[in-house]
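Undergrad: Could you have a look at this structure, given as structure tokens, before my questions?
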Amino acid sequence: MGNKKLYFSQLLVIGFSILEIIATFLPAAKVYGQSFNLISPGGHMGSGVFFIVLSAIAILFTILKKKITVLGATLLGATLGVYQFYDFHSKLSQFTGPGLYLVLVASIGAFLCALFMLVQVKKNQ
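As numbered in my numbering, residues 2 to 126 make up the sequence shown, in order.
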């Protein structure tokens, strides 16, 4: 427990997770001059809350070096990101905003870096 070193893969997971949190607040769609983000797309609680919770879990357990938990949280986030992208894109393809694309990239990036973390981080640390 004396080794508090963060590996490169851990830094990447943390970075992508922070990016995912930020992206949930950016416009995911813009229709008739009104922007919608993933936090409250129609005035109701949206899927952005799940992205924030999963990203926070990924950050916490990345620091604690709990690789399987990080992998599970990022896998759920990536799955939700792909689903949200296709759901929004199929309904509002011409109105999609940067938040939607950034959430997709960040969630998949966090998952791929979690796979890298699974290999890079030593077991007994």
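No residue lacks a Cβ here, since even glycine has one placed at the ideal position from N, Cα and C.
From the DSSP secondary-structure annotation, give me the bridge partner or partners of K31.
TA: Sequence index remark: in the sequence shown, residue 31 carries index 30 (1-based). K31 pairs with S36.
Undergrad: With a Cβ-Cβ cutoff of 7 Å, do T75 and A115 count as a contact?
TA: Working through the sequence shown from its first residue, we reach residue 75 at position 74. Working through the sequence shown from its first residue, we reach residue 115 at position 114. Cβ atoms of T75 and A115: closer than 7 Å.
Undergrad: Give me the Cβ distance between I22 and S48, rounded to the nearest whole Å; I'm assuming they're in contact under 8 Å.
TA: The residue given as residue 22 occupies position 21 in the sequence shown. The residue given as residue 48 occupies position 47 in the sequence shown. With 8 Å as the limit, I22 and S48 do not qualify as a contact, their Cβ atoms being about 13 Å apart.
Undergrad: Hey, quick one: how far does the alpha helix (DSSP H) through T25 stretch, first residue to last?
TA: For the purposes of this step, residue 25 is identified with residue 24 of the sequence shown, where counting begins at 1. Segment: none, T25 is in no alpha helix (DSSP H) and carries neither H nor E.
Undergrad: I need the straight-line Cα distance from M46 to L65, nearest angstrom please.
TA: Residue numbering aside, residue 46 sits at position 45 when the sequence shown is read from its first letter. Residue numbering aside, residue 65 sits at position 64 when the sequence shown is read from its first letter. Answer to the nearest angstrom: the Cα atoms are 30 Å apart.
Undergrad: Here's a check: name, in chain order, each residue in its chain whose Cβ is nearer than 7 Å to the Cβ of M2, leaving out the five neighbours to either side.
TA: Within the sequence shown, numbered from 1, the residue matching residue 2 stands at position 1. Legend: pLDDT at M2 = 47, less than 50; position of this residue unreliable, value from coordinates given subsequently. There are no such residues.
Undergrad: Taking DSSP's pairing of strands, which residues face T97 in a bridge?
TA: Indexing the sequence shown from 1 puts residue 97 at position 96. BP columns for T97 point to A30.
Undergrad: From G82 to F9, what distance separates their C-alpha atoms?
TA: For the purposes of this step, residue 82 is taken as residue 81 along the sequence shown, with counting starting at 1. For the purposes of this step, residue 9 is taken as residue 8 along the sequence shown, with counting starting at 1. Approximately 24 Å, taken between the alpha carbons.
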